[in-house]
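A short worksheet on the structure shown next.
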Amino acid sequence: MISHDVEIFFNELYESTHKKVLAYIIIKCGKTEDIADIFQETYTELVSVIRRHGVEYLKNPEAFVMKLAKRKVYRHYKLLERLRGVEASYELDESDMDAFDMETISFEDSFMTKELVSYAIDFIKQKDELTKRIFYLHFYLDKSIREIAEMISITESNVKNKLYRTLKELKEYLMREGMV
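Going by our numbering, the sequence shown opens with residue 37, and the numbers climb by one from there.
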């Protein structure tokens, strides 16, 4: 059982670090399907460390959580490489360099029903890893195009193209399905 003070400490630490930790994991993961597991493992280990050693053990709590996240990502992919020879990487496609007009693809207000969101999520899951990361960072963590470009080390133009091309395709898909 965790004491009330430790629970408050953990909740405050989680609140101050979870977005940064999640962004780091999104950037470093080879597959977006691994993000939730690694994120959860990071904070599970944090709780374990706090239980074993106490709050005083963490001299710089934010840095400690980031170190845990880095270690979890590294261990996850090192283990996979050893077991199955899996590499964590993605490739940029030169055909993604076309530009789209941002004004023509504004349909976020249409995302109102659970069914519509479900269709959209299923559509995005079919996309390449880089596109899924961009969507995750932009729509879940509210990162700007510039921030995403810097985090993933690609051009802003490439981020825009991936984002807006996929939004356009999603809108067309939802229209074909009779959802919008």
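Every residue, glycine too, gets a C-beta built ideally from N, C-alpha and C.
Since this is a predicted model, take the numbers as computed values, not measurements.
Taking 9 Å as the cut-off, the beta carbon of glutamate 81 is found closer than this to the beta carbon of leucine 104.
In the DSSP assignment, glutamine 76 falls within the alpha helix (DSSP H) that extends over 71-89.
If the five residues before and after phenylalanine 100 are omitted, its C-beta is found closer than 6 Å to the C-beta atoms of Leu94, all from its own chain and listed in chain order. Comparing C-alpha distances from alanine 59 to each of Arg87, Arg88, Val109, Asn47 shows the shortest one belongs to Val109. Each residue's CA atom was taken as its position, placing glutamate 92 and lysine 106 some 22 Å apart. In this structure lysine 198 is in contact with leucine 166, their Cβ atoms being roughly 6 Å apart against a cut-off of 8 Å.
Ranked by Cα distance from leucine 203, the options Leu177, Phe171, His112 are led by Phe171. Assignment of alpha helix (DSSP H) within the region 149-215, counting only whole runs of 4 or more residues, yields 150-161, 165-171, 181-188, 192-212 in chain order. Sequence-distant Cβ neighbours of isoleucine 86 in its own chain, meaning closer than 7 Å and more than five residues away, are Val42, Phe46.
Judged by beta-carbon spacing, isoleucine 62 lies within the 9 Å limit of leucine 173, meaning their Cβ atoms are closer than that value. The DSSP-derived three-state label of asparagine 96 is coil. Around isoleucine 188, the same chain offers Ile63, Arg169 as residues with beta carbons nearer than 7 Å, after the five sequence neighbours per side are excluded. Between glutamate 98 and lysine 56, the C-beta gap is smaller than 9 Å, which places the two residues in contact. Phenylalanine 175 sits away from leucine 206, with the two beta carbons spaced by 9 Å or more.
Across the set Arg111, Glu192, Asn194, the C-alpha of Arg111 shows the shortest separation from the C-alpha of glutamate 77. Inclusion of tyrosine 50 and tyrosine 79 in the CB contact set at 9 Å is warranted, their separation being smaller than that value.
Setting aside the 5 residues that flank it on each side, lysine 163 is surrounded in the same chain by Phe171, Thr202, each with a C-beta closer than 8 Å to its C-beta; the list follows chain order.
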